[in-house]
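In the order they appear, the protein sequences are chains H and L.
For the record, in the first sequence the residue sitting at position 65 is 65 according to the working numbering, with numbers rising by one throughout.
For the record, in the second sequence the residue sitting at position 11 is 11 according to the working numbering, with numbers rising by one throughout.
There are 2 protein chains.
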Amino acid sequence: MAIVGEKGAMRQWSRSQRQCGRRIALVPTMGFLHEGHLSLVSEAKQRAEKVVVSIYVNPGQFAPGEDLDVYPRDFDGDVEKLKPLGVDIIFNPRDLYVRDSPEKNGAGHETWIRVENLEKPLCGGSRPLFFRGVATVVSKLLNIVEPDVVVFGKKDYQQWRVLSRMVRDLDFGVEVVGCKLVREADGLAMSSRNVRLTATERKNALAIFHSLKRAEELVRSGETDSSVLIEQAVSAISHAGGRVDYASIVDQETLQSVDKVASPSVFAIAAWFGSVRLLDNVELPNS
Amino acid sequence: MAIVGEKGAMRQWSRSQRQCGRRIALVPTMGFLHEGHLSLVSEAKQRAEKVVVSIYVNPGQFAPGEDLDVYPRDFDGDVEKLKPLGVDIIFNPRDLYVRDSPEKNGAGHETWIRVENLEKPLCGGSRPLFFRGVATVVSKLLNIVEPDVVVFGKKDYQQWRVLSRMVRDLDFGVEVVGCKLVREADGLAMSSRNVRLTATERKNALAIFHSLKRAEELVRSGETDSSVLIEQAVSAISHAGGRVDYASIVDQETLQSVDKVASPSVFAIAAWFGSVRLLDNVELPNS
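Set out below in structure tokens:
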């Protein structure tokens, strides 16, 4: 397993692999890897002969005042976790953006990709430039690594939809794979940010998962009214001391709110416990 | 010379060429080819073993009310012009955008690339979404054709700068080449739109070129005040019956206006003659 930091060296490796007819899979991450990430790597191994995992905390998707500075990092630990999985390359660039400087005279990075509809609902409400940063950095990674397949987790459901749409709309020559959300034994959605929860917050945060499970059961027993499903979730999470950013039932494809659970939809929640914002979602059964 | 209309077939051809180690150059055009385009093809031939010319009038860069419907087209004539030049593929897609439709439920094309600073001055003033459309379609073409080198004309100076910046910022693995503007025998900048000028407009439109030449001479003889240079041009073009959209002396890299011609700068003009908007520019000598 090699660690590559330079864009040029990364692309050169990929091109030489493809020249030999080998398929390459890319798993983009921000590091501090957990079982969720490792499941993406396993999926990547199934789909290509060569696997590249990128580890890069993308400043382009953090707004001022968000948690860029305290985002957890453990590069050496990540390397240890990836070693046994048969990963070929860890792409770990120091910085992917051209920085502005007085000498450059306003010629810093200024190109941004907008997925104009899908970026707006859900996380887009409280993080209006978040998906602009995500789409831009993933397009850079696709252009540098030139993979045949790219693997994302559906835990970041909107991100997966945004990036799938971007790949389709900009005709990137890559297959997009979305993998199932992975949970801790007790049900909490795995996230690099979970380590920033106190023990109490960690316990209380389970309310998100439980309320989603409850919604799933209610749908199975015939409830289709989104507002009823949302209300029980917001109430349960608030009762557990969480602050709901959003709790929305949306169409799986367009991410537009639905009043009734009739077509394929997803119940997506973002909620704060202490200083940590957590995401979770379930795809609801069609009634 | 083959004519390819499907994205998949186009990419497959490129990949098989690159698999064999051959370099590919792309010349993106909107067709109705003139000597300016053909000079780009010659440059492409110098730089790669295989040359793809795309012919696609990109609806994404025309605003409602602009001249999309009357933009000149002559596909058969273009084919005849390209045949003797040793072009390998004409990529002529019917439509590059996924269209929205009631069945698709709002899942039409929605991804756009913004080069946020360079898109604003010059043509960006009267055509605020023009470069958004240009950048987006060129990124699509780069992703479909996957060339090693892409060739643009510097007649569309801002477009060349915008696309160079996009390629740098998004890490496209392609070399960008800008080619010198080509003029008619009398000096008029070659443009597909020139055929839409009446004989009188055609003659009057030469005022653009003459005023740029005059500016160049004034700079050579020591004039560095942008406002003086601009004034003589606006006055000459207006006097010839043209309507100036902009006449700006800007830094070659940032496209920001400069008061004095001191650093590398370019004098760019857009002016209407009749119903036709013409562009022209000269890179000014450093004084």
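We put the CB at the ideal spot given by N, CA and C, even for glycine.
Query raised in the report: Is the beta carbon of H/A63 sitting closer than 8 angstroms to the one on H/L129?
Result: yes
Query - Chain-ordered residues of the segment 29 to 53 of chain H with a beta carbon less than 9 angstroms from chain L - result: none
Query raised in the report: Taking the runs of the alpha helix (DSSP H) that are 4 residues or longer, which of them lie wholly in the segment 160 to 247 of chain L?
Result: 199 to 204, 206 to 220 and 226 to 239
Report task. State yes or no: is the beta carbon of L/L122 nearer than 8 angstroms to at least one beta carbon in chain H? Result -> no
Requested in this report: Measure the C-alpha to C-alpha separation of H/F131 and L/L229 and round it to an integer number of angstroms.
Outcome: 44 angstroms
**Report entry** Unbroken beta strand (DSSP E) run spanning H/K50, endpoints
**Finding:** K50 to I55
Query raised in the report: Does DSSP put L/A25 in a helix, in a strand, or in coil?
Result: strand
Requested in this report: Less than 8 angstroms between the CB atoms is what I'm expecting for H/R31 and H/F91, so what's the real figure, rounded?
Outcome: Residue identity differs from the one stated: residue 31 of chain H is Gly in this sequence, not Arg. No, H/G31 and H/F91 are not in contact; Cβ-Cβ is about 11 angstroms, not under 8 angstroms.
**Report entry** Cβ neighbour criterion (16 or more within 10 Å) applied to H/K260
**Finding:** exposed
**Report entry** Interfacial residues, the segment 138 to 169 of chain H to chain L, with Cβ spacing under 7 angstroms
**Finding:** S139, K140, N143, I144, E146, R165, M166, R168 and D169
Query raised in the report: What does H/L288 reach in chain L if we use C-beta pairs closer than 8 angstroms?
Result: Shown here, chain H extends from 1 to 287; a query on residue 288 of chain H therefore has no answer.
Requested in this report: Give the residues of chain H in contact with L/K260, contact being defined as C-beta atoms less than 8 angstroms apart.
Outcome: Correct list: empty, because the minimum Cβ distance to chain H is about 15 angstroms.
Query raised in the report: Using 8 angstroms as the limit for Cβ to Cβ distance, is L/R23 near chain H?
Result: Chain H has no Cβ within less than 8 angstroms of the Cβ of L/R23.
Requested in this report: Just mark H/Q19 as buried or exposed, buried being the case when its beta carbon has 16 or more other beta carbons within 10 Å.
Outcome: exposed
Query raised in the report: Can the beta-carbon of L/R184 be found less than 8 angstroms from the beta-carbon of L/V282?
Result: Here the sequence assigns Glu to residue 184 of chain L, which means Arg is not the residue at that position. Taking the C-beta atoms as reference points, L/V282 is found no nearer than 8 angstroms to L/E184.
Report task. Taking only heavy atoms of the ligand NAD into account, decide whether any of them is closer than 7 angstroms to the Cβ of H/D169. Result -> Absence of the ligand NAD is noted for the structure shown, with no ligands found whatsoever.
Query raised in the report: Secondary structure at H/R277, three-state DSSP: helix, strand or coil?
Result: strand
Query - Contact the segment 32 to 41 of chain H vs the segment 195 to 202 of chain L: 3+ CB pairs below 8 angstroms - result: no
**Report entry** Assigned secondary structure, H/V41 (DSSP; H/G/I helix, E/B strand, else coil)
**Finding:** In the three-state reduction of the DSSP assignment, H/V41 falls in the helix class, which pools H, G and I.
Query raised in the report: For L/G173 and chain H, any beta-carbon pair shorter than 8 angstroms?
Result: Answer yes: the Cβ-Cβ gap between L/G173 and chain H drops below 8 angstroms somewhere.
Query - Chain-ordered neighbours of H/I113 on chain L, where CB pairs are closer than 7 angstroms - result: T111 and I113
Query raised in the report: Would L/L255 pass as a contact of L/Q159 if the rule is Cβ separation under 8 angstroms?
Result: no
Query raised in the report: Quick one: which chain H residues come within Cβ less than 9 angstroms of L/K180?
Result: Within chain H, no residue comes near L/K180; the closest Cβ sits about 23 angstroms away, beyond 9 angstroms.
Query raised in the report: Pairing CB atoms from the segment 257 to 272 of chain L with CB atoms from the segment 229 to 249 of chain L, are three or more of them under 8 angstroms?
Result: yes
**Report entry** Continuous alpha helix (DSSP H) stretch holding H/A9: start and end
**Finding:** In the DSSP assignment, H/A9 falls within the alpha helix (DSSP H) that extends over K7 to Q19.
Requested in this report: Answer yes if the segment 52 to 60 of chain H comes into contact with the segment 114 to 128 of chain H, meaning at least three C-beta pairs across the two stretches below 8 angstroms, and no otherwise.
Outcome: no
Requested in this report: Report yes or no: do three or more beta-carbon pairs, one from the segment 108 to 122 of chain L and one from the segment 132 to 152 of chain L, lie closer than 8 angstroms?
Outcome: yes
Requested in this report: Specify whether the segment 79 to 98 of chain L and the segment 220 to 229 of chain L touch according to this definition: at least 3 beta carbon pairs, one from each stretch, less than 8 angstroms apart.
Outcome: no
Query raised in the report: Where does L/N286 land, buried or exposed, given buried means 16+ other C-beta within 10 angstroms?
Result: exposed
**Report entry** Cβ-Cβ distance between H/L82 and H/R193 below 8 angstroms
**Finding:** no
**Report entry** Members of the segment 80 to 102 of chain H that neighbour chain B once the beta carbon cut-off is set at 9 angstroms
**Finding:** Of the protein chains in this structure, namely H and L, none is chain B.
**Report entry** Beta-bridge pairing of L/L284 - partner residues as DSSP gives them
**Finding:** L/S265
Query raised in the report: Between the segment 1 to 17 of chain L and the segment 6 to 17 of chain H, are three or more C-beta pairs nearer than 8 angstroms?
Result: no
Query raised in the report: Hey, would you say L/D169 sits closer than 8 angstroms to L/I24, going by beta carbons?
Result: no
Requested in this report: Label L/G178 either buried or exposed according to how many other C-beta atoms from any shown protein chain fall within 10 Å of its C-beta, with 16 as the threshold for buried.
Outcome: buried
Query raised in the report: Looking at the structure shown, is L/F75 part of a helix, part of a strand, or coil, going by DSSP?
Result: helix
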